[in-house]
Amino acid sequence: MPWFVKQETFLRSYAQMKPHLQAHRAWVEQLREAGTVLSSGYLVDGAGRPGGGGLLLLQAADYAEAEALVLQDPMVRSGGVEWRLQEWRPSVGDLGVP
């Protein structure tokens, strides 16, 4: 099944985004419990400080399915992030490489 990457950048302060982060984590757990293969996390700078954004890697049947899932993300629905979604085609490594 194809992999997709959603990259997001905060448009608001961490304090403003914190309630949406909690809802995002709950949403990710619901997807996992439903069987969606994914991994979610935040980005940090060279000193380990959160950089105001994150990545979501997930498997979906196609781009339309991945986009439909992303549009349900509380972070996206809040309007507090700029995001983009791309299909990722691994060619070397341990994730989904034949």
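Numbering (numbering that gives the first Met the number 0), first residue to last: 0 to 97. Using N, Cα and C, we set each Cβ at its ideal position, and we do this for glycine too.
Residue i versus residue j: straight-line alpha-carbon distance, rounded
| i | j | result |
| --- | --- | --- |
| MET74 | ARG83 | 13 angstroms |
| PRO49 | ALA25 | 20 angstroms |
| LEU68 | GLY92 | 26 angstroms |
| LYS5 | GLY78 | 15 angstroms |
| GLN71 | PHE9 | 17 angstroms |
| GLN15 | VAL80 | 11 angstroms |
| TRP87 | VAL36 | 14 angstroms |
| SER12 | ARG31 | 28 angstroms |
| MET0 | ALA46 | 35 angstroms |
| ALA63 | GLU28 | 21 angstroms |
Enclosing beta strand (DSSP E) for residue i [first to last residue]
| i | result |
| --- | --- |
| LEU55 | 49–58 |
| LEU37 | 37–43 |
| LEU84 | 80–87 |
Residue i classed as buried or exposed, judged by whether at least 16 other C-beta atoms fall within 10 angstroms
| i | result |
| --- | --- |
| ALA59 | buried |
| ALA65 | buried |
| SER90 | exposed |
| LEU94 | exposed |
| LEU42 | exposed |
Limits of the alpha helix (DSSP H) - the one that residue i falls within
| i | result |
| --- | --- |
| GLN15 | 13–32 |
| PRO73 | 73–76 |
| ALA46 | It is not in any alpha helix (DSSP H) - ALA46 carries neither H nor E in the DSSP assignment. |
| VAL69 | 62–69 |
Opposing strand residues paired with residue i [DSSP bridges]
| i | result |
| --- | --- |
| GLU7 | GLY53, TRP82 |
Heavy atom of the ligand NAD within 8 angstroms of residue i beta-carbon
| i | result |
| --- | --- |
| GLU81 | As far as ligands go, the structure on display features none, and thus does not contain the ligand NAD. |
Inset, instruction - Could you say if the region 53–70 and the region 4–20 meet the contact criterion of at least three C-beta pairs nearer than 8 angstroms? - result: yes
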